[in-house]
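Number of protein chains: 2
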Amino acid sequence: MSPLAMATAIARLDLVQVERIGFVAAFCTTTAFVPQLVRVLRLRSARDISLPTFLLFSIGVFLWLVYGILAGSKPVIASNTVTLLLSLSILFLKLKYDRTAMKEMKP
Amino acid sequence: MSPLAMATAIARLDLVQVERIGFVAAFCTTTAFVPQLVRVLRLRSARDISLPTFLLFSIGVFLWLVYGILAGSKPVIASNTVTLLLSLSILFLKLKYDRTAMKEMKP
Chain G
415 MSPLAMATAI ARLDLVQVER IGFVAAFCTT TAFVPQLVRV LRLRSARDIS LPTFLLFSIG
475 VFLWLVYGIL AGSKPVIASN TVTLLLSLSI LFLKLKYDRT AMKEMKP
Chain C
415 MSPLAMATAI ARLDLVQVER IGFVAAFCTT TAFVPQLVRV LRLRSARDIS LPTFLLFSIG
475 VFLWLVYGIL AGSKPVIASN TVTLLLSLSI LFLKLKYDRT AMKEMKP
């Protein structure tokens, strides 16, 4: 193997490793919201969860999805589609359970 | 302006626009966690917040940071550094307030 071919092979290996880290990162930040959704459903409460957080986060993830589509990046599209669905579900439950809690407080 | 120069200018404009969407997306998904941190501090409770969510999310954001460093992407480094600090703060408060709540429950 020539030094140039070796350097190219190492650079390609590095690129694959860096991409792999990106995939693991995307997997973590996406699946992270599954236990949050489960917890809210189980407790039937989202009192401590911030509404502006999940509103802003959903808008941000939606914009990441638009970015992914325009930039033609499949991993960005895939991970942000899943995160958006999870984030919107948590947002919906926050609104739902907060309304229920408000009703229960009234006599 | 030649058709090629015009096409290049349009393509560059598009790239700038796409990058701008990425920046707005990063701004949203980063600052989103500020109101969550404020809410937990204000309520002195993080009962409804999922521990595995913020644990997994922090690991994921840390890996995005590593990815950003290896890929040499300054926006990825900057946004994930801020998100990691916010995420770790929420995680720390979750552990702190849950421990306090546990102690108060014991006679």
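Quick note, the sequences are listed as chains G and C, same order. Quick note on numbering: the numbering used here labels position 42 of the first sequence as 456, and the sequence is numbered without any gaps. Quick note on numbering: the numbering used here labels position 58 of the second sequence as 472, and the sequence is numbered without any gaps. Cβ atoms here follow ideal geometry from the backbone N, Cα and C, with glycine treated the same way.
Please confirm if residue 487/C has its CB atom under 8 Å from at least one CB of chain G.
-> Not an interface residue.
Residue 462/C versus chain G: which residues are under 8 Å apart at the beta carbon?
-> Chain-order list of chain G residues neighbouring residue 462/C: 453, 454, 457, 459, 460, 461, 462, 463, by C-beta distance under 8 Å.
So with Cβ pairs under 8 Å, would you call residue 467/G a contact of chain C?
-> Closer than 8 Å to some Cβ of chain C, the Cβ of residue 467/G qualifies, so yes.
Measure the C-alpha to C-alpha separation of residue 486/G and residue 474/G and round it to an integer number of angstroms.
-> If you take the alpha carbons of residue 486/G and residue 474/G, they lie about 18 Å apart.
For residue 477/C, decide whether its Cβ has a neighbour in chain G, counting only Cβ atoms nearer than 8 Å.
-> Yes, residue 477/C counts as interfacial toward chain G.
Among residues of its own chain, excluding the 5 on either side of residue 460/G, which ones have a beta-carbon nearer than 7 Å to its beta-carbon?
-> The residues are 454, 507, 508, 511, 512.
Identify whether residue 460/C lies in helix, strand or coil by the three-state DSSP scheme.
-> In the displayed model, residue 460/C falls within coil according to three-state DSSP, outside both helix and strand.
Which residues in the same chain have their Cβ closer than 7 Å to the Cβ of residue 476/C, if we skip the five residues on either side of it in sequence?
-> Leaving aside the five residues that flank residue 476/C on each side, the residues in its chain whose CB is nearer than 7 Å to its CB run, in chain order, 498.
Is the Cβ-Cβ distance between residue 470/C and residue 445/G less than 8 Å?
-> Yes.
Hey, could you find the ends of the alpha helix (DSSP H) residue 515/C is sitting in?
-> Element bounds for residue 515/C: 488-519.
Counting only beta-carbon atoms, is residue 430/C nearer than 8 Å to chain G?
-> At a cut-off of 8 Å, the C-beta of residue 430/C has no neighbouring C-beta in chain G.
Over the uninterrupted alpha helix (DSSP H) stretch that includes residue 472/C, give me the two end residues.
-> 465-485 is the extent of the alpha helix (DSSP H) around residue 472/C.
What is the DSSP secondary structure of residue 440/G, counted as helix, strand or coil?
-> The answer is helix: DSSP assigns residue 440/G an H, G or I state.
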